[in-house]
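So in this note's numbering, the last spot in the sequence shown is 163, and the numbers never skip.
Below is one structure, written out as C-alpha cells, with a few remarks after it.
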Amino acid sequence: MSDEREIVLERFRSMRLELTQVIDGLKPPHLTEHTLDGWSIKDHLYHIASWDYVRALEVIRISAGHTLAWRMNGEQDEAFNMLVYDLHKDLGLEQAFWELTTSRECLLKAIEGATQRGLDPTLYGEAGLLSSHEAQHTGWIRRWREEKGY
14 MSDEREIVLE RFRSMRLELT QVIDGLKPPH LTEHTLDGWS IKDHLYHIAS
64 WDYVRALEVI RISAGHTLAW RMNGEQDEAF NMLVYDLHKD LGLEQAFWEL
114 TTSRECLLKA IEGATQRGLD PTLYGEAGLL SSHEAQHTGW IRRWREEKGY
C-alpha cells in the first residue's frame, strides 16, 4: 500500500478514535440534548456520517477519472448541512452510531481502492480528502463536554 494511502487512512482512523474517546461514557440523554450550538451530539454524528458518505463517493468518482461533483460555495454548504440535519433529526441514537460506523467503513474502503488520482488532495472540494472536518466537530464536542462537566 502506498505511503500516501496509509497517511490518509491513518488520518481518518485517528480522527475517529479521537471522536469516540470524546463521546465515550456519555449517556443517551447527554447525546440527545440540543445544547451544542443548537444541535445534539447525535446530530453531529449524523452530520459527520453524511460527509463521510459524500467523501467516499468523491474518492470513487475521482479515482474513476471523473470530475469532482461536490464543490460548494458557503451558502450551498450551509443548505446541505441543514438538509442533513432536517432529514436525520428524528432518527434514533442507535442508528446514528450505525451510520457513523458504516459511513467510515465506506470511506476507508474507497480510500483503500483509490487510484493515485483518487489520492490527489488537490482534486477535492468541500469533502476534501485531507479534511479536518471531523476533528473540528470533536473539538466542539470536547469543549461542550468540559463546559457541561460530563
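Idealized CB from N, CA, C, for every residue including glycine.
The structure presented is a predicted model; accordingly, all values stated were derived computationally and were not measured.
{"Asked": "Close Cβ partners of S63 (< 7 Å) along its chain, the five nearest in sequence each way excluded", "Found": "V97"}
{"Asked": "Buried or exposed (CB count within 10 angstroms, at least 16 for buried), M95", "Found": "exposed"}
{"Asked": "Assumed close pair R18, I124 - CB separation to whole angstroms, cut-off 8 Å", "Found": "6 Å"}
{"Asked": "I61 vs L113 beta-carbon contact at 8 Å", "Found": "yes"}
{"Asked": "Residues that DSSP places opposite W52 in a beta bridge", "Found": "L49"}
{"Asked": "Beta-carbon contacts of R169 that lie in its chain and below 8 Å, excluding the five residues immediately before and after", "Found": "As shown, the chain starts at 14 and ends at 163. That puts residue 169 outside it, with no answer to give."}
{"Asked": "Residue interval of the alpha helix (DSSP H) (run including H150)", "Found": "H146 to K161"}
{"Asked": "For M95, the three-state DSSP class (helix, strand or coil)", "Found": "helix"}
{"Asked": "Per-residue burial, T33 [other beta carbons within 10 Å of its own, 16 or more giving buried]", "Found": "exposed"}
{"Asked": "Bounding residues of the alpha helix (DSSP H) (the contiguous stretch that carries S116)", "Found": "L106 to E125"}
{"Asked": "Local conformation of M28 per DSSP, three classes", "Found": "helix"}
{"Asked": "Cα-Cα separation between D133 and R155, rounded to whole angstroms", "Found": "31 Å"}
{"Asked": "Residue burial classification, R68 (beta-carbon count within 10 angstroms, cutoff 16)", "Found": "buried"}
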